[in-house]
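Student:
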Amino acid sequence: MARNILVVAEVRNGQLRPVSFECIAAGRAIAEGGSVTAVLLSQADVDGSELIARGADRVVLVKGEHLKEYTPDGWLSALQQVYLAEKADVVLMGHTGIGRDLLPRFAMRNAAGMISDAIAVKLEGGQVVFTRPIYAGKAYVTQVVTDGLIVATIRPNNVAALEADAGRSGDVVQSEAAPVDLRTVVKEVVRQAATGVDLTAAKIVVAGGRGVKSAEGFKPLYELAEVLGAAVGASRAAADAGFCDYALQIGQTGKTVTPDLYIACGISGAIQHLAGMSASKVIVAINKDPEAPIFKVADYGIVGDLFEVVPLLTREFKALLG
Ligand SMILES: Cc1cc2nc3c(=O)[nH]c(=O)nc-3n(C[C@H](O)[C@H](O)[C@H](O)COP(=O)(O)OP(=O)(O)OC[C@H]3O[C@@H](n4cnc5c(N)ncnc54)[C@H](O)[C@@H]3O)c2cc1C
Numbered sequence: 065m066a067r068n069i070l071v072v073a074e075v076r077n078g079q080l081r082p083v084s085f086e087c088i089a090a091g092r093a094i095a096e097g098g099s100v101t102a103v104l105l106s107q108a109d110v111d112g113s114e115l116i117a118r119g120a121d122r123v124v125l126v127k128g129e130h131l132k133e134y135t136p137d138g139w140l141s142a143l144q145q146v147y148l149a150e151k152a153d154v155v156l157m158g159h160t161g162i163g164r165d166l167l168p169r170f171a172m173r174n175a176a177g178m179i180s181d182a183i184a185v186k187l188e189g190g191q192v193v194f195t196r197p198i199y200a201g202k203a204y205v206t207q208v209v210t211d212g213l214i215v216a217t218i219r220p221n222n223v224a225a226l227e228a229d230a231g232r233s234g235d236v237v238q239s240e241a242a243p244v245d246l247r248t249v250v251k252e253v254v255r256q257a258a259t260g261v262d263l264t265a266a267k268i269v270v271a272g273g274r275g276v277k278s279a280e281g282f283k284p285l286y287e288l289a290e291v292l293g294a295a296v297g298a299s300r301a302a303a304d305a306g307f308c309d310y311a312l313q314i315g316q317t318g319k320t321v322t323p324d325l326y327i328a329c330g331i332s333g334a335i336q337h338l339a340g341m342s343a344s345k346v347i348v349a350i351n352k353d354p355e356a357p358i359f360k361v362a363d364y365g366i367v368g369d370l371f372e373v374v375p376l377l378t379r380e381f382k383a384l385l386g
């Protein structure tokens with residue numbers, strides 16, 4: 065059955081977010097001859113060609129003064145407008161801050177089945193089957209929407225994006241969002257100065273826990289991260305202790321990351337921390353306690369003092385990577 069897919073793309077710091085390309089790839093995998101349309105709700109000056117190169121057949125750029133900053137009312141109304149015009153069967157978006165706020169509202173508005181935080185999607189017996197982690201990543205469940213419109217958010221870094229193909233062609237159309245009464249307006253956005261690699265999109269994460277002992281103790285982790293082109297993350301204990309900013313916190317009440325490589329330094333492996341990183345492809349744990357629970361989820365474990373091990377790794381990687 066051919067399905068028309070609508071992907072809500074997102075821009076951050078003037079760039080399309082990689083998860084938007086991943087959603088397009090997911091859409092392509094289940095379209096069965098239907099079309100994949102990407103929609104951008106106002107935001108930066110993005111012309112849409114990159115979305116076409118990544119597999120979209122069509123891009124709708126929706127303009128509206130009230131869409132510049134995310135508000136549930138503004139974006140929901142604009143998305144609804146595009147959805148009705150495009151007659152989509154499936155609506156996908158990254159499981160980002162905005163995705164997890166907007167799509168459940170959209171599903172509710174349309175009385176649709178909603179699947180949140182999917183890490184895989186495939187066709188099976190003519191149905192679209194999603195896989196999502198449950199119990200903080202301890203188990204996986206497969207789910208289908210049994211009837212009508214399918215709405216889903218997809219966790220970043222899990223579905224492979226398609227290679228950019230500059231030779232692909234597709235329509236890019238502009239549309240104007242209908243005015244809407246906003247019940248909340250954004251008065252001001254104070255953004256933290258972006259430093260280094262975006263944690264949620266990073267392919268490699270070097271994370272520190274209470275074992276790092278101080279803000280100064282994070283220095284060797286930053287040095288390793290720089291050599292690897294990695295982002296630095298942290299456990300909640302490290303953030304609570306003031307060793308680093310809460311923006312670095314990974315876990316149940318922090319960010320969810322799924323990098324190719326996660327290096328946990330001085331992190332015990334509490335369930336709430338695992339909830340944010342256990343789906344990482346390769347996990348390396350450095351801990352001086354051989355009984356630390358993190359070793360149960362680690363692919364490679366180094367029992368030792370992180371202040372000895374991390375500088376050694378930095379030195380070796382520097383030599384290896386030039
Ligand atoms: C509702 C709720 C939500 C929570 N949400 C989160 C969350 O989102 N993210 C999160 O991380 N936690 C969260 N927590 C807290 C969580 O339960 C743990 O307390 C926290 O993850 C522990 O952080 P840690 O591993 O850094 O510290 P600890 O558990 O204290 O572990 C420190 C580790 O460092 C090792 N170590 C010490 N010195 C060295 C050294 N020199 N070299 C090598 N290893 C060393 C120790 O052996 C130990 O294993 C939450 C808790 C609750 C109740």
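Take the sequence shown: its letters are residues 65 to 386, numbered as in the numbering used here. All C-beta atoms, glycine included, are put in the ideal place defined by N, C-alpha and C.
#1: What whole-angstrom Cβ distance do residue 217 and residue 181 have, given they're in contact under 8 Å?
#2: Which of the three DSSP states, helix, strand or coil, is assigned to residue 186?
#3: By DSSP's criteria, residue 240 is part of a beta bridge. Which residues make up the other side?
#4: Along the beta strand (DSSP E) that carries residue 199, what are the first and last residues, could you check?
#5: Starting from residue 298 and walking both ways along the beta strand (DSSP E), at which residues does that stretch end?
#6: Under a three-way DSSP split, which group does residue 316 fall into?
#7: Any heavy atom of ligand 1 inside 6 Å of the beta-carbon of residue 370?
#8: So which residues put a beta carbon under 5 Å from any heavy atom of ligand 1, going in chain order?
#9: Quick check: the segment 110-124 against the segment 230-243, are at least 3 beta-carbon pairs closer than 8 Å?
#10: Please return the same chain residues whose Cβ sits closer than 6 Å to the Cβ of residue 359, not counting the five positions on each side in sequence.
#11: What do you reckon, is the C-beta of residue 355 under 6 Å from a heavy atom of ligand 2?
#12: For residue 367, collect the residues of the same chain with a Cβ closer than 6 Å to its Cβ; drop the 5 residues on either side in sequence, then sort them by chain order.
#13: For residue 190 and residue 74, what's the separation of their Cα atoms in angstroms?
#14: For residue 207, which three-state DSSP category applies?
#15: Taking the Cβ atom as the reference point for each residue, do residue 145 and residue 242 lie within a distance shorter than 7 Å?
#16: Measuring CA to CA, which of 287, 149, 156 and 248 is closest to residue 237?
#17: Could you compute how far the alpha carbon of residue 248 sits from the alpha carbon of residue 262?
#18: For residue 145, which of helix, strand or coil comes out of DSSP?
#19: Which residue's Cα is closest to the Cα of residue 338: 239, 215, 92 and 298?
#20: Taking the continuous alpha helix (DSSP H) assigned at residue 110, which residues delimit it?
#21: Alpha carbon to alpha carbon, what distance is there between residue 135 and residue 277?
#22: By alpha-carbon positions, which one of 85, 374 and 377 ends up nearest to residue 227?
#23: Please confirm if the segment 204-222 is in contact with the segment 156-172, defined as three or more CB-CB distances below 8 Å between the two stretches.
#24: Taking the alpha-carbon of residue 80 as reference, which of 311, 286, 265 and 344 has the nearest alpha-carbon?
#25: Pull the bridge partners of residue 87 from the DSSP assignment, please.
#26: With which residues is residue 216 paired in a DSSP beta bridge?
#27: Note down the Cα distance separating residue 363 from residue 330, rounded to an integer number of angstroms.
#28: Mind checking who residue 166 pairs with in its DSSP beta bridge?
Tutor: Straight from the coordinates:
#1: Indeed, because the Cβ distance is near 6 Å, the residues count as touching under 8 Å.
#2: It is a strand residue.
#3: The partner list for residue 240 (beta bridge, DSSP) reads 127.
#4: For residue 199, no beta strand (DSSP E) run applies, since DSSP gives it neither H nor E.
#5: For residue 298, the enclosing beta strand (DSSP E) begins and ends at 295-298.
#6: Residue state, collapsed to three classes: coil.
#7: At a cut-off of 6 Å, the beta-carbon of residue 370 counts as near ligand 1: some heavy atom of the ligand is closer than that.
#8: Residues lining ligand 1 by the Cβ criterion, that is a Cβ closer than 5 Å to any of its heavy atoms, are 273, 274, 275, 299, 300, 301, 315, 316, 317, 318, 330, 331, 332, 334, 336, 337, 351, 352, 353, 356, 369 and 370 in chain order.
#9: Judged by Cβ distances under 8 Å, the segment 230-243 makes contact with the segment 110-124, as three or more pairs qualify.
#10: Within its own chain, the residues whose Cβ lies closer than 6 Å to the Cβ of residue 359, once the five positions on either side in sequence are excluded, are 349 and 365, listed in chain order.
#11: Ligand 2 is not among the ligands present in this structure, which contains only ligand 1.
#12: For residue 367, where only same-chain residues beyond five positions count, the Cβ hits under 6 Å are 354.
#13: If I take the Cα positions, the gap works out to 29 Å.
#14: Here DSSP, grouped into helix, strand and coil, assigns residue 207 to strand.
#15: Cβ atoms of residue 145 and residue 242: closer than 7 Å.
#16: Per the Cα distances, 149.
#17: Rounded to the nearest angstrom, the two C-alpha atoms are 28 Å apart.
#18: Reduced to three states, the DSSP call for residue 145 is helix.
#19: For the residues 239, 215, 92 and 298, the minimum Cα distance to residue 338 belongs to 298.
#20: Annotation for residue 110: no alpha helix (DSSP H) segment contains it, and DSSP assigns it neither H nor E.
#21: Here the alpha carbon of residue 277 sits roughly 39 Å from the alpha carbon of residue 135.
#22: Ranking 85, 374 and 377 by Cα distance to residue 227 puts 85 first.
#23: With the rule of 3 Cβ pairs closer than 8 Å, the segment 204-222 counts as touching the segment 156-172.
#24: Restricting attention to 311, 286, 265 and 344, the CA atom closest to the CA of residue 80 is found in 265.
#25: According to DSSP, which records beta bridges pairwise, residue 87 is partnered with nothing at all.
#26: Bridge partners of residue 216: 156 and 179.
#27: Rounded to the nearest angstrom, the two C-alpha atoms are 16 Å apart.
#28: Residue pairing of residue 166 in beta bridges, as defined by DSSP: absent, with no partner found.
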